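Number of protein chains: 2
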Amino acid sequence: MRVLGVDPGLTRCGIGVVEQVPGRKPVFVAAGVVRTPMNGAHEQRLLAIEQGITQAVEFYQPDAIAVERAFAQQNLHSVAGTIQAAGIAMLVAARLGIPVTLHTPTEVKAAVTGSGRADKAQIGAMVVRILGLTEAPKPADAADAVALALCHLWRGGATSKYALLEATMKRQQQQGKVAK
Amino acid sequence: MRVLGVDPGLTRCGIGVVEQVPGRKPVFVAAGVVRTPMNGAHEQRLLAIEQGITQAVEFYQPDAIAVERAFAQQNLHSVAGTIQAAGIAMLVAARLGIPVTLHTPTEVKAAVTGSGRADKAQIGAMVVRILGLTEAPKPADAADAVALALCHLWRGGATSKYALLEATMKRQQQQGKVAK
Numbered sequence: 093m094r095v096l097g098v099d100p101g102l103t104r105c106g107i108g109v110v111e112q113v114p115g116r117k118p119v120f121v122a123a124g125v126v127r128t129p130m131n132g133a134h135e136q137r138l139l140a141i142e143q144g145i146t147q148a149v150e151f152y153q154p155d156a157i158a159v160e161r162a163f164a165q166q167n168l169h170s171v172a173g174t175i176q177a178a179g180i181a182m183l184v185a186a187r188l189g190i191p192v193t194l195h196t197p198t199e200v201k202a203a204v205t206g207s208g209r210a211d212k213a214q215i216g217a218m219v220v221r222i223l224g225l226t227e228a229p230k231p232a233d234a235a236d237a238v239a240l241a242l243c244h245l246w247r248g249g250a251t252s253k254y255a256l257l258e259a260t261m262k263r264q265q266q267q268g269k270v271a272k
Numbered sequence: 093m094r095v096l097g098v099d100p101g102l103t104r105c106g107i108g109v110v111e112q113v114p115g116r117k118p119v120f121v122a123a124g125v126v127r128t129p130m131n132g133a134h135e136q137r138l139l140a141i142e143q144g145i146t147q148a149v150e151f152y153q154p155d156a157i158a159v160e161r162a163f164a165q166q167n168l169h170s171v172a173g174t175i176q177a178a179g180i181a182m183l184v185a186a187r188l189g190i191p192v193t194l195h196t197p198t199e200v201k202a203a204v205t206g207s208g209r210a211d212k213a214q215i216g217a218m219v220v221r222i223l224g225l226t227e228a229p230k231p232a233d234a235a236d237a238v239a240l241a242l243c244h245l246w247r248g249g250a251t252s253k254y255a256l257l258e259a260t261m262k263r264q265q266q267q268g269k270v271a272k
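Protein chains in written order, with the numbering used here: chain A, 93 to 272; chain B, 93 to 272.
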């Protein structure tokens, strides 16, 4: 099962992809960010976010998309872009027919580090350890998106071993078709 | 100059279209709502909003799009869908290359009724009077979207008579091409 995580943001929208075959450890596939210029027109930035997420989803062909749920910790003006980026990620998932799930930051932290109050450095360190990387994906938004994808594997997809097996078989069949 | 107004919402997204030729009164073109089921999946509702707005914009071919700016008057959970619908309207505008502007509810009320604290009934009544209709567009979200389009004509487009003239000439040229 391959999961694409989206850490939504207007300036930096993190994207992380991980894959897990039943009974094996999760494997790192990719991580990066879609950047938009802070002085750009808001609508052009939203369009760039949509195009970046769409390209990543079409390229990595995930079985599921996980999006971080935005909260009103800041004032609404600063969080509006984040909420809209999250909405665009959900929109892209619906358009491409890929199941999408939201996870809260606390759920992601707890899933990856065991503590709902872990900081960015702790999340990055655990992502490195779990996936056997040499260093954490950068910037932090990319590492957060990878942590989100891992959270989804453990909370949703991979806790249901049947769903994981089914997604893996489907992927192998598709890859078989491509190979022929 | 033809303006398409969007009163963003997840359950009912109002759309109103008005047109004005320089020196003439604004003319009503169309009003309606994009509805999505309250028990639908959030991502499917966002997709339906996007498709509905895109269809309206492609059909009515506005020169400008005006979107009501959402505010944190309610809690963030209930306003998140509205903020995302507004983002989708901006996204559609950017994708189709149509200029998009935000107006606050207070600006819309003041432009149409003369008072920033007018209620829905007063807005509906003024929309009827300004456009010479027999009754207000229904539901209220459709009337609000028409008011927003009128606000845009007066605040943005039509206060710049040159922009209004230019858009009208462009439209007449296009219609001329279609007629040939």
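Heads up, the beta-carbon is just placed ideally off N, CA and C, and yes, glycines get one too.
None of these values were measured; they are calculated from a predicted model.
{"Query": "Please look up how many angstroms separate the CB atoms of Ala123(A) and Pro229(A), rounded, as I've assumed it's under 8 Å.", "Result": "4 Å"}
{"Query": "On the criterion of 16 or more Cβ atoms from any shown chain inside 10 Å, does Glu227(B) qualify as buried, or is it exposed?", "Result": "exposed"}
{"Query": "Mind checking whether Leu242(A) and Ile222(A) have CB atoms under 8 Å apart?", "Result": "yes"}
{"Query": "According to the Cβ coordinates, are Thr128(B) and Val184(B) closer than 8 Å?", "Result": "no"}
{"Query": "Based on DSSP bridge pairs, tell me the residues matched to His195(A).", "Result": "Glu160(A)"}
{"Query": "DSSP has Arg209(A) in a bridge; who is on the other side?", "Result": "In the DSSP output, where bridge partners are listed per residue, Arg209(A) has none listed."}
{"Query": "Taking Cβ-Cβ distances shorter than 7 Å, what residues in chain B pair up with Met182(A)?", "Result": "His134, Glu135 and Leu138"}
{"Query": "Of all the options Val109(B), Ala158(B) and His134(B), which has the alpha carbon lying nearest to the alpha carbon of Ile180(A)?", "Result": "His134(B)"}
{"Query": "Judging by CA-CA distance, which residue of Trp246(A), Gln214(A), Val238(A) and Gln265(A) is the nearest neighbour of Gly115(A)?", "Result": "Trp246(A)"}
{"Query": "What distance in whole Å lies between the Cβ atoms of Ala232(A) and Gly108(A), which are believed to be in contact at a cut-off of 8 Å?", "Result": "Not confirmed; about 11 Å, so no contact."}
{"Query": "If Val219(B) sits next to Ala203(B), beta carbons under 8 Å apart, how far is it from one beta carbon to the other, in whole angstroms?", "Result": "11 Å between Cβ atoms; not a contact."}
{"Query": "In this structure, how does DSSP classify Arg116(A) when only helix, strand and coil are distinguished?", "Result": "coil"}
{"Query": "Give the DSSP-derived three-state secondary structure of Glu111(B) in the structure shown.", "Result": "strand"}
{"Query": "Return helix, strand or coil for Gly273(A), following the three-state DSSP convention.", "Result": "Nothing can be reported for residue 273(A): it is not among the residues displayed for chain A, which extend from 93 to 272."}
{"Query": "For the segment 169-180 of chain B, enumerate the residues whose C-beta is nearer than 9 Å to any C-beta of chain A, in chain order.", "Result": "His169, Val171, Ala172, Gly173, Ile175, Gln176, Ala177, Ala178, Gly179 and Ile180"}
{"Query": "Give every residue of the same chain whose Cβ lies closer than 7 Å to the Cβ of Ala177(A), excluding the five residues on either side of it in the sequence, and list them in chain order.", "Result": "Pro100, Gly101, Leu102, Cys105 and Ile141"}
{"Query": "Select from Pro154(A), Asn131(A) and Met130(A) the residue whose C-alpha is nearest the C-alpha of Lys262(A).", "Result": "Pro154(A)"}
{"Query": "Within 10 angstroms of its Cβ, does Glu160(A) collect 16 or more other Cβ (buried), or is it exposed?", "Result": "buried"}
{"Query": "Can you round the beta-carbon distance between Val113(A) and Ala158(A) to whole angstroms, since I take them to be within the 8 Å contact cut?", "Result": "Between Ala158(A) and Val113(A) the Cβ distance is about 18 Å, and since that is not below 8 Å, they are no contact."}
{"Query": "Is the distance from the Cβ of Val80(B) to the Cβ of Val110(B) below 8 Å?", "Result": "Any answer about residue 80(B) is impossible in this case: the structure gives chain B only from 93 up to 272."}
{"Query": "In terms of residues, what are the limits of the alpha helix (DSSP H) holding Leu240(A)?", "Result": "Ala232 to His244"}
{"Query": "Candidates Gly173(A), Glu199(A), Thr174(A) and Ala172(A): which alpha carbon is nearest His244(A)'s?", "Result": "Glu199(A)"}
{"Query": "Identify, in the order they occur along the chain, each residue of the same chain with its Cβ nearer than 6 Å to the Cβ of Ile175(A), setting aside the five sequence neighbours on each side.", "Result": "Ala162"}
{"Query": "Return helix, strand or coil for Gly97(B), following the three-state DSSP convention.", "Result": "strand"}
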